[in-house]
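Residue numbers (the numbering used here): 26 to 592.
Put into structure tokens, the structure is as follows:
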């Protein structure tokens, strides 16, 4: 017969293999698509932080104060270390998040082990580890995986014994979360406050929760000192803009965010809602954690990675919904109430009872107290002692396996059908231009930044710095026909004054309908990278030419032009 120690060792063995599988799955998708959008920004911002540590991150020399600095400080250490072993750009910049993502799997287990029993914590951990949304987020160079790690560590200490050591540790990691990704960090004080609400009042806990707003305030005043013109225009605009918006915008953002999130979590979310409706009174902190999903629903603008810290709570309530509770044992403790509670309507209507509840029946009053013993909930009603067991039977395991398989299918479909060929041409162009001088990137942000990033990141590794370049981002809201008319003007005369452009603040291209032009002393470009995303003007785009340049590549979105030497 196995002892409790044997069972614990066997359980650790399963957790170890779950971590191994989590890493293998994430690593298998690592090279499916290139860096794109924010990944390109954050990779170069990490390089610049490594080259010149500061309190304000920069991108190609421009201050980028809409994100706090902590992520770039830590990530630059990982990048610098991995560069000693490989020159693979995608491996260097994506592997740190993959490793942090595997660490998060373990953190989910130890956090939920403090909330519930080991078995439910393990199955919660399994659903989190193999959730397609989590895998997708961990595979991108984004702030969210590290931010999620800090949130989980903070919860671990707060959910432990409320001594001074744990409170200080929880507050410290809450502060670090706030200076990593400010708005999402508010999840910590909300959940922790509710966790301690009906317990003994602990003024130390209440005070410690102020570290999140303190972290955000410190970031704001740091910007006021170093880049006062950007503190309100970028940092506060990014925070307030996620919460305060037009009424119609709330509705649009909600449905956009919910739809994008649901594509990745689907069945997990549906079962979680069932679990919530049944068990929401059992643990107020877990219910608050679920309720906080309203913030990414209205503030993420469809960016699904904002939901990563909320996947564990979906997994938790999903497990609770699928696990069948049954009364398996009863024994007479003392005396008699004149009624057998096991045969009463009490158990035919309820599968669980909240702690410290007084239940009144016609036959008398029943006092109730419960505690967790191994995997069983033991409670007493009057003179009767009952044991309630969570049954992880064949149906439960089959349902969990079905959710996991469905998630992995979503990953395969997403990576190999929708994103497998995404921006591959732009990556190829970027590599082809490594070491080339007098290069300009003109057109849309989405495509040009991938080609640009592979050029400058590879040049950093080979030569220690990147060559100067030109970069014009035409307004994302401009219609394609207008872009096709404007591109030759900038190609022939990069410094043209024909259009109103912004050359001082790169962040504004994300919030304002304007043209951004990078400052450079180059006047004549030998190579032009011209990009227009999602164009339907295939005929006009296919025949697109620029005076004095010849087209040397042909694809749907981005083309490379080389200057004719005799021109």
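Ideal Cβ placement from N, Cα and C applies to all residues, glycine included.
What did DSSP end up calling residue 541 once you bin it into helix, strand or coil?
-> To locate residue 541, count along the chain shown from 1; it is residue 516. Residue 541: strand per DSSP, three-state reduction.
For residue 575, which of helix, strand or coil comes out of DSSP?
-> In the chain shown, residue 575 corresponds to position 550, counting from 1. Assigned with DSSP and collapsed to three states, residue 575 falls in strand.
Run the CB neighbour count on residue 332, radius 10 Å, all protein chains shown included, and call it buried at 16 or more, exposed below.
-> Taking the chain shown and counting its residues from 1, the one referred to as residue 332 is at position 307. Residue 332 should be labelled buried.
Exposed or buried, which one is residue 375 when buried takes at least 16 other CB atoms within 10 Å?
-> For the purposes of this step, residue 375 is taken as residue 350 along the chain shown, with counting starting at 1. Confidence is the limiting factor: at residue 375 the pLDDT is only 34, short of 50, which leaves the residue's position unreliable, though a coordinate-based value still follows. Around the CB of residue 375, fewer than 16 other CB atoms lie within 10 Å, so the residue is classed as exposed.
Spell out a yes or no on whether the segment 489–499 and the segment 533–545 are touching, meaning 3 or more CB-CB pairs, one atom from each, closer than 8 Å.
-> Segments in contact, yes.
Where does residue 514 sit, in a helix, a strand or coil, going by DSSP?
-> Translated into positions along the chain shown, residue 514 becomes position 489. Reduced to three states, the DSSP call for residue 514 is helix.
Counting Cβ pairs closer than 8 Å, one from the segment 426–445 and one from the segment 153–161, do we hit at least three?
-> Counting Cβ pairs under 8 Å, three or more are found: they touch.
C-alpha distance - residue 455 paired with residue 62, whole-angstrom precision | What you label residue 455 is simply residue 430 of the chain shown in a count that begins at 1. What you label residue 62 is simply residue 37 of the chain shown in a count that begins at 1. One Cα belongs to residue 455, the other to residue 62, and the distance between them is close to 15 Å.
Cβ separation of residue 294 and residue 339, assumed to be a contact under 8 Å, to the nearest whole Å = Locating residue 294 in the chain shown gives position 269, where the first residue counts as 1. Locating residue 339 in the chain shown gives position 314, where the first residue counts as 1. Their Cβ separation, rounded to whole angstroms, is 6 Å, which keeps residue 294 and residue 339 in contact under 8 Å.
Would a check of beta-carbon distances place residue 306 closer than 8 Å to chain C?
-> Within the model displayed, chain C is absent; a lone protein chain is all it includes.
So residue 610 packs on residue 467, CB below 8 Å; how close in whole Å?
-> Past the boundaries of the shown model lies residue 610; the chain is included only from 26 to 592, so the question cannot be answered.
Does the segment 166–177 come close enough to the segment 201–212 to have 3 or more Cβ pairs within less than 8 Å?
-> With contact defined as three or more Cβ pairs closer than 8 Å, the segment 166–177 and the segment 201–212 are in contact.
CA-to-CA distance, residue 514 to residue 160, given in whole angstroms = Within the chain shown, numbered from 1, the residue matching residue 160 stands at position 135. Within the chain shown, numbered from 1, the residue matching residue 514 stands at position 489. Looking at the backbone, the Cα of residue 160 and that of residue 514 are separated by about 43 Å.
Three-state class that DSSP yields for residue 496 in the structure shown | Stepping through the chain shown from its first residue, residue 496 is reached at position 471. Note: residue 496 maps to strand in three-state DSSP.
Using a threshold of 8 Å, state whether the C-beta atoms of residue 552 and residue 458 are closer than that.
-> Position 527 of the chain shown, counted from the first residue, corresponds to residue 552. Position 433 of the chain shown, counted from the first residue, corresponds to residue 458. Yes, the pair counts as a contact, with Cβ atoms nearer than the cut-off.
For residue 464: DSSP bridge partner residues | Working through the chain shown from its first residue, we reach residue 464 at position 439. For residue 464, DSSP records a beta bridge to 494, 552.
Backbone CA spacing between residue 92 and residue 83 [nearest angstrom] | For the purposes of this step, residue 92 is taken as residue 67 along the chain shown, with counting starting at 1. For the purposes of this step, residue 83 is taken as residue 58 along the chain shown, with counting starting at 1. When the Cα atoms are used, residue 92 and residue 83 turn out to be separated by approximately 10 Å.
Which of helix, strand or coil does DSSP assign to residue 169?
-> Numbered from 1 along the chain shown, position 144 holds the residue referred to as residue 169. Looking at residue 169 - three-state DSSP - the assignment turns out to be helix.
Assign residue 659 to one of two classes, buried (16 or more other C-beta atoms within 10 Å of its C-beta) or exposed (fewer than that).
-> This structure cannot settle anything about residue 659, because the visible part of the chain is limited to 26 through 592.
What do you reckon, is the C-beta of residue 112 under 7 Å from a heavy atom of the ligand MG?
-> With respect to the ligand MG, the structure offers nothing, as it holds no ligand at all.
When you compare each of 49, 58, 45 to residue 442 by their alpha carbons, which one comes out closest?
-> Numbered from 1 along the chain shown, position 417 holds the residue referred to as residue 442. The shortest Cα separation from residue 442 among 49, 58, 45 belongs to 58.
Alpha carbon to alpha carbon, what distance is there between residue 461 and residue 316?
-> Looking up residue 316 in the chain shown gives position 291. Looking up residue 461 in the chain shown gives position 436. Approximately 52 Å, taken between the alpha carbons.
Residue 526 (DSSP reduced to helix, strand or coil) = Mapped onto the chain shown, residue 526 falls at position 501. In this structure, residue 526 counts as strand in the three-state DSSP scheme.
Could you pull out every residue in the same chain whose Cβ sits closer than 6 Å to the Cβ of residue 314, ignoring the five residues on either side in sequence?
-> Numbered from 1 along the chain shown, position 289 holds the residue referred to as residue 314. Non-local C-beta neighbours of residue 314 in its own chain, meaning closer than 6 Å and more than five positions away in sequence, comprise 216, 338, ordered along the chain.
Exposure of residue 582, with buried meaning 16 or more beta-carbon neighbours within 10 Å = Mapped onto the chain shown, residue 582 falls at position 557. The C-beta of residue 582 has 16 or more other C-beta atoms within 10 Å across all chains shown, which makes the residue buried.
From residue 356 to residue 348, what distance separates their C-alpha atoms?
-> The residue labelled residue 356 in the question sits at position 331 within the chain shown. The residue labelled residue 348 in the question sits at position 323 within the chain shown. Low per-residue confidence applies at residue 356: pLDDT is 39, beneath 50, and the placement is therefore not dependable, though the value from the model is reported in the following sentence. The straight-line gap from Cα to Cα measures roughly 24 Å.
Pick out whichever of 127, 89, 452 has its Cα sitting closest to the Cα of residue 534.
-> Here residue 534 refers to the residue found at position 509 of the chain shown. Out of 127, 89, 452, 89 has the C-alpha closest to the C-alpha of residue 534.
Through-space distance from residue 256 to residue 190, alpha-carbon basis = Stepping through the chain shown from its first residue, residue 190 is reached at position 165. Stepping through the chain shown from its first residue, residue 256 is reached at position 231. Approximately 34 Å, taken between the alpha carbons.
In the structure shown, what three-state DSSP assignment does residue 508 receive?
-> Position 483 of the chain shown, counted from the first residue, corresponds to residue 508. In the structure shown, the three-state DSSP call for residue 508 is helix.
Report the option in 220, 134, 491 whose CA atom is closest to the CA atom of residue 306.
-> Locating residue 306 in the chain shown gives position 281, counting from the first residue. Selected option, being the one with the closest Cα: 220.
Apart from the five residues just before and just after residue 195, which ones in its own chain have a Cβ nearer than 6 Å to its Cβ?
-> Here the question's residue 195 lines up with position 170 in the chain shown. The residues 179, 182, 183, in chain order, have a CB closer than 6 Å to that of residue 195 in the same chain once the five nearest residues on each side in sequence are set aside.
In this structure, does DSSP put residue 87 in helix, strand or coil?
-> Here residue 87 refers to the residue found at position 62 when the chain shown is read from its first residue. It is a strand residue.
Whole-angstrom distance between residue 222 and residue 491, CA atom to CA atom = In the chain shown, counting from the first residue as 1, residue 491 sits at position 466. In the chain shown, counting from the first residue as 1, residue 222 sits at position 197. Taking the straight line joining both Cα atoms gives about 54 Å.
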